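There are 2 protein chains.
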Amino acid sequence: MNKALTYLKLDQESITAVRGIKAAGVHCGLKKSSRDLALFYSESPAAAAGVFTQNLVQAAPVLLDRERINNPIRAVVVNSGNANACTGEKGMEDARQMADLAAAQLHLPPEQILVCSTGVIGMPLPMDKIAAGIASAAQSLSGERQAGLDAAAAILTTDTVTKTVVYRGDLPSGSFTLAGTAKGAGMICPNMATMLAFIFTDAAISRPLLNSLFREAVDCTFNAITIDGDTSTNDTALILANGAASVEITEGTPECDLFARLLHQVCQELAVMIVSDGEGVTKVITLEVTGAPDAAAARTLARTVLNSPLVKTAFYGEDANWGRILAALGYAGVPFDPSRVDIAIGPVRVACRGGAIPFDEAEAKAVLQQREIKVTVNLNAGTATATAWGTDLSHDYVSINSSYRS
Amino acid sequence: MNKALTYLKLDQESITAVRGIKAAGVHCGLKKSSRDLALFYSESPAAAAGVFTQNLVQAAPVLLDRERINNPIRAVVVNSGNANACTGEKGMEDARQMADLAAAQLHLPPEQILVCSTGVIGMPLPMDKIAAGIASAAQSLSGERQAGLDAAAAILTTDTVTKTVVYRGDLPSGSFTLAGTAKGAGMICPNMATMLAFIFTDAAISRPLLNSLFREAVDCTFNAITIDGDTSTNDTALILANGAASVEITEGTPECDLFARLLHQVCQELAVMIVSDGEGVTKVITLEVTGAPDAAAARTLARTVLNSPLVKTAFYGEDANWGRILAALGYAGVPFDPSRVDIAIGPVRVACRGGAIPFDEAEAKAVLQQREIKVTVNLNAGTATATAWGTDLSHDYVSINSSYRS
Numbered sequence: 259m260n261k262a263l264t265y266l267k268l269d270q271e272s273i274t275a276v277r278g279i280k281a282a283g284v285h286c287g288l289k290k291s292s293r294d295l296a297l298f299y300s301e302s303p304a305a306a307a308g309v310f311t312q313n314l315v316q317a318a319p320v321l322l323d324r325e326r327i328n329n330p331i332r333a334v335v336v337n338s339g340n341a342n343a344c345t346g347e348k349g350m351e352d353a354r355q356m357a358d359l360a361a362a363q364l365h366l367p368p369e370q371i372l373v374c375s376t377g378v379i380g381m382p383l384p385m386d387k388i389a390a391g392i393a394s395a396a397q398s399l400s401g402e403r404q405a406g407l408d409a410a411a412a413i414l415t416t417d418t419v420t421k422t423v424v425y426r427g428d429l430p431s432g433s434f435t436l437a438g439t440a441k442g443a444g445m446i447c448p449n450m451a452t453m454l455a456f457i458f459t460d461a462a463i464s465r466p467l468l469n470s471l472f473r474e475a476v477d478c479t480f481n482a483i484t485i486d487g488d489t490s491t492n493d494t495a496l497i498l499a500n501g502a503a504s505v506e507i508t509e510g511t512p513e514c515d516l517f518a519r520l521l522h523q524v525c526q527e528l529a530v531m532i533v534s535d536g537e538g539v540t541k542v543i544t545l546e547v548t549g550a551p552d553a554a555a556a557r558t559l560a561r562t563v564l565n566s567p568l569v570k571t572a573f574y575g576e577d578a579n580w581g582r583i584l585a586a587l588g589y590a591g592v593p594f595d596p597s598r599v600d601i602a603i604g605p606v607r608v609a610c611r612g613g614a615i616p617f618d619e620a621e622a623k624a625v626l627q628q629r630e631i632k633v634t635v636n637l638n639a640g641t642a643t644a645t646a647w648g649t650d651l652s653h654d655y656v657s658i659n660s661s662y663r664s
Numbered sequence: 259m260n261k262a263l264t265y266l267k268l269d270q271e272s273i274t275a276v277r278g279i280k281a282a283g284v285h286c287g288l289k290k291s292s293r294d295l296a297l298f299y300s301e302s303p304a305a306a307a308g309v310f311t312q313n314l315v316q317a318a319p320v321l322l323d324r325e326r327i328n329n330p331i332r333a334v335v336v337n338s339g340n341a342n343a344c345t346g347e348k349g350m351e352d353a354r355q356m357a358d359l360a361a362a363q364l365h366l367p368p369e370q371i372l373v374c375s376t377g378v379i380g381m382p383l384p385m386d387k388i389a390a391g392i393a394s395a396a397q398s399l400s401g402e403r404q405a406g407l408d409a410a411a412a413i414l415t416t417d418t419v420t421k422t423v424v425y426r427g428d429l430p431s432g433s434f435t436l437a438g439t440a441k442g443a444g445m446i447c448p449n450m451a452t453m454l455a456f457i458f459t460d461a462a463i464s465r466p467l468l469n470s471l472f473r474e475a476v477d478c479t480f481n482a483i484t485i486d487g488d489t490s491t492n493d494t495a496l497i498l499a500n501g502a503a504s505v506e507i508t509e510g511t512p513e514c515d516l517f518a519r520l521l522h523q524v525c526q527e528l529a530v531m532i533v534s535d536g537e538g539v540t541k542v543i544t545l546e547v548t549g550a551p552d553a554a555a556a557r558t559l560a561r562t563v564l565n566s567p568l569v570k571t572a573f574y575g576e577d578a579n580w581g582r583i584l585a586a587l588g589y590a591g592v593p594f595d596p597s598r599v600d601i602a603i604g605p606v607r608v609a610c611r612g613g614a615i616p617f618d619e620a621e622a623k624a625v626l627q628q629r630e631i632k633v634t635v636n637l638n639a640g641t642a643t644a645t646a647w648g649t650d651l652s653h654d655y656v657s658i659n660s661s662y663r664s
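Protein chains in written order, with the numbering used here: chain A, 259 to 664; chain B, 259 to 664.
Below, the structure written as C-alpha cells:
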C-alpha cells in the first residue's frame, strides 16, 4: 500500500543540495594560497547536534560550540590554517568574536552561530584576516553546487581531496536530502590533525532524536577510524537539520529507519574517505571483529589492532603477519580466549584457533597488494560484531610528520 | 661506627661475576650463524621472582615459568630465533621438554628449571636442534667472564649489542654482586619483539622480599620503557638470588636499601640500553612528569606521550612541537588541568601554563639534535613524579618492521 522507501546517492552534488542550505569558501590569508574560511548558512533555524573531541585539551571553538549546541543554529563559520588551540583566554575571545563577526554580517544573534578551527596549535588567530574572510564569505553565500564545493575545500588542511557525500531519501510524504563534508585526520604541518565533519539535512527532526541518531552514527563511523591513534584538540562533527523539506522524521517509523541508515551511510563514507586520504597511507584496512561477546569489546579489539605500529608496518610491507594481530588483540584490555581466535586476510584464513595453519602465501600476498584490504577476526565467543577502519604506517607518514614546523 | 655502605659499578664484568652463577651461550641452528641458546646455572638453589607479559596471548614458556616461579630455581634455559608462542598444546610440551632436557644434562629436578623463548611466532620449536644446543651448553657451562658474555649474546634477536650491567655492593658483613643481562624490545623478523631480562645476585634474601623489591624495580624501569607500545607474548624478567655471598638482606635495614637501590639501577640501565638499541632508534627520550597528584597518574601520562606517533615523529624531525605533547597528555585518560602545564625540552621552556611562550628555536634545536633528550612536563598539581623512556619513530623503524617475513 505504502510507496516503498527508496534512496539515491547524488554523486554530482555538494552540500548545497540540501534545501535551505547556502555555503561559501574563500581565501583570507591563513593558508598561503588556497581557500581557508568556510561559511555554512541555513535559511531557517536548524536543530543541531555535535560530537566533540574527548581530549582533555580542548580548543576554544570546541568549548564555545559545547555551550551553544542546544540552541537553534543558523550558521557555522570554519577556518583552516590555525586551530585556535592552547591559546588561553584570548583564544576564547577570538572564537566568540568569529561568531560575532558572522552574526553581524548575517544579521543573526551570535548564539545561533557555531565556530570551528583547524590548523596550527598555540598561535593566536590573526583576527583581521578572519574578519575580512567572514565578510567576503557572507557576500559569496550561495545555494549553487560550486559554493558547497568551495566550502568543502576551505576546511581542508593537509587533505589532498575534498570530501563530500550526498544522499536523497524518498518517502511517501516527499523527499529529504542528507549531505556532509569532512576534512581529514591527517596532520597539518606543524601540528596535529583535526577531524571536522559537517552534515546537513532538510528533514524535520526533533533535536533529541537527531542527537541520539547522530551519536550512534558517529560512534560506528568517525569514532571507528584511526590513522595514528592520536586525538586532536579540535575534533568536531556537527549536524544541522533545518526542516526545509516537507518531511518529518519521528521515532520508531520506517522513515526514521531510512533516515538513520542514510545518516550512517553518509558518516561512514566520509570516515573512509578520511582514512584513505590520511598522510602517507598506502593501504586502507577494514577490520571486522566477529563472534564477540558484546559490541563494545569488539570495537575496542578492532581499534587496538588498527593502532598497533607493528600491525600497521606489516600491512605496509604486505606481510600476512597474523602473529602481530593476535598479540595486539592480547593487549587490548578486553578478556577473550586466544585459543579460539580465527584470522582471515581477505578470503585467506591465516590462523585458526589461535595458532598457525598452512595457507597459500601467494594468495595472501595478492590480497595484501591491493589498496583496500579486509581483515576478519572471529573470536568464536558470541554473536556481536564491530567494524573499524585503519591504515598502514609508511615511510611517507614518517616523512610528513617529522618535517620541521618552519 | 658502621662502615659506610658503598657500591661499585663493574664495567668489565659479565653476569658470572655473581658467585655461584655459571653460564653458557652456544649456536644450535635456530638462527643462521650466531649464538641462539643460553643456559644460566646456579650452583645452589636460588630464590626466584618473575614479572611476565600482561598480554592475554602468552607463550608456552611464560605459562610454564608462572607455574614454577615459586620453586627454588637452579637453571634457566633460553633460546632465541623461535618464540614458541601461539603453538598450542605442542608448544607446552616443547617448553616442558626444554626443561626436562636441561634437567637431565644438569642432574636436576625439572621443576627447578625455568624456560624462555624469543623469536618467530606460530612455528613449532625444532626440538632436535634445541636438544643438541642444551647438551652443548651444559658442557660449556663456566664461571668465566666470557661465558656470561656468550649467554648475553645468545639471547639476542635483532639487538645490535649485548646488554650487561654489573654492580657490587659493599656492606660491613661482606659484599654482594647484582648483575643482569637483557635483550631488546625490537622485533625479530618476522614477528614481534620480546623483552627478556635475567638478573642474578649472590645476596641471601627471602623470596617474598625479593619478589616485592623486584616488582618495584621492574615497574619503574622495564615497565617504563616503550618503543612502539606493542607488548609481546613472551616478555619476561627474572631474578635469581642464590645466597652464595655471606650477606643477608632483611627488610627495613640500610643493607636492604642499598640492595633495592642497586637492583633499581641494574634494571634501569638495562632498560635504557634496550630503548637505545631499539629498531631504527635515532633518539632516546627521557620524559619526566613532575607536579602530579600521584605517581600512577604521572606514569600513565609519561607513557602515553612516549607512545604517540605524532610526538615520536616530531622528535625524529628534531621539532620542538610541544602542542603534540600537550595533546597526547590530553588523551591519556588521566584528569589534569591543561592550563597549568609547563613543558621544557632540555633546559628550554617551550610552553607555559598550557600555552605558547617565546623561546629560542636555535637553542631548542641544539637540544633536539642530541641523541639523548630530556623532556620535562610539570602539571603543577601535586608533588608526585614519574620518569619514562622512549624513542623517536624513524624511517628505519618502518623499513625494519615492514620487511617481509621470508
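Quick reminder that beta carbons are idealized off the backbone N, C-alpha and C, glycines included.
Model, not experiment: these values are computed from the prediction.
Sequence-distant partners of LEU528/A (beyond 5 residues in either direction) whose C-beta falls short of 7 angstroms from its own C-beta, in its chain, are LYS421, VAL423, GLY438, ALA440, ALA455. Residues of chain B with a Cβ closer than 8 angstroms to the Cβ of GLY613/A are, in chain order, CYS344, THR345, GLY346, GLY380. When Cβ-Cβ separations below 8 angstroms define contact, LEU322/A makes no contact with chain B.
Contact holds between the region 645-652 of chain A and the region 478-487 of chain A, because three or more Cβ pairs, one in each stretch, are under 8 angstroms apart.
Secondary structure of VAL530/A (DSSP, three-state): helix.
In the DSSP assignment, THR643/B falls within the beta strand (DSSP E) that extends over 642-649. Excluding sequence positions up to five before and after ARG324/A, its CB lies within less than 7 angstroms of the CB of PHE310, all in the same chain and listed in chain order.
Here the region 390-404 of chain B makes contact with the region 290-303 of chain B; the two share three or more CB pairs at distances below 8 angstroms.
Take ASP428/B, set aside five residues on each side of it, and the residues of its chain with a beta-carbon closer than 6 angstroms to its own are THR264, in chain order. Residue nearest to ILE273/A within the set SER338/A, THR435/A, VAL334/A is THR435/A (criterion: CA-CA distance).
Per DSSP, GLU301/A lies in no alpha helix (DSSP H); the unbroken beta strand (DSSP E) holding it starts and ends at 295-310. GLY581/A has a beta carbon lying within less than 8 angstroms of a beta carbon in chain B. Listed in chain order, the alpha helix (DSSP H) runs fully inside the region 460-490 of chain A are 465-478, counting runs of at least 4 residues. For ARG629/A, the closest C-alpha among the options ASP618/A, GLU621/A, ILE543/A is that of ILE543/A.
Taking the Cα of MET385/A as reference, the smallest distance to any Cα among ALA461/A, VAL284/A, GLY581/A, MET356/A is reached at MET356/A.
When secondary structure is reduced to three states using DSSP, ASP535/A falls in the coil class, being assigned neither helix nor strand. Each residue's CA atom was taken as its position, placing GLU546/A and LEU637/B some 39 angstroms apart. Judged by DSSP secondary structure, ASP386/B falls within the alpha helix (DSSP H) whose first and last residues are 385-398. Around the beta-carbon of ASP417/B, 16 or more other beta-carbon atoms lie within 10 Å, marking it buried. The distance from the Cβ of VAL315/A to that of ALA341/A is about 11 angstroms, inconsistent with a contact at the 8 angstroms cut-off.
In chain order, HIS653, VAL656, SER657 make up the part of chain B whose C-beta sits under 8 angstroms from the C-beta of HIS653/A. Here CYS525/B is not bridged, per DSSP, to any residue. Residues of chain A whose Cβ lies closer than 8 angstroms to the Cβ of SER490/B are, in chain order, ALA585. Here the region 334-349 of chain A lies against the region 273-293 of chain A, with 3 or more beta-carbon pairs under 8 angstroms apart. Between ALA396/B and VAL373/B, the gap from beta carbon to beta carbon reaches 8 angstroms or more. Comparing alpha-carbon positions, the option among LEU626/B, ASP654/B, CYS344/B, GLU506/B lying closest to ASP535/B turns out to be ASP654/B. Residue VAL530/B holds the alpha-carbon nearest to the alpha-carbon of THR479/B among ARG332/B, VAL592/B, VAL530/B, PRO319/B.
Between the region 596-615 of chain B and the region 558-567 of chain B, the count of Cβ pairs shorter than 8 angstroms is below three; the stretches do not touch. Shown in chain order are the members of the region 292-319 of chain B whose Cβ falls below 9 angstroms from a Cβ of chain A: THR311, GLN312, ASN313, LEU314, VAL315, GLN316.
Counting only Cβ-Cβ distances below 7 angstroms, PRO596/A has contacts in chain B at LEU314, VAL315, in chain order. Within the region 397-427 of chain A, no residue has a Cβ lying closer than 9 angstroms to any Cβ of chain B. Burial of VAL320/A is indicated by the presence of at least 16 other C-beta atoms within 10 angstroms of its C-beta. Exclusion of the five residues before and after GLY442/B leaves ASP417, ILE532, ASP535 as the residues of its chain whose Cβ lies within less than 6 angstroms of its Cβ.
For ALA502/B, no alpha helix (DSSP H) segment is defined, and its DSSP state is neither H nor E.
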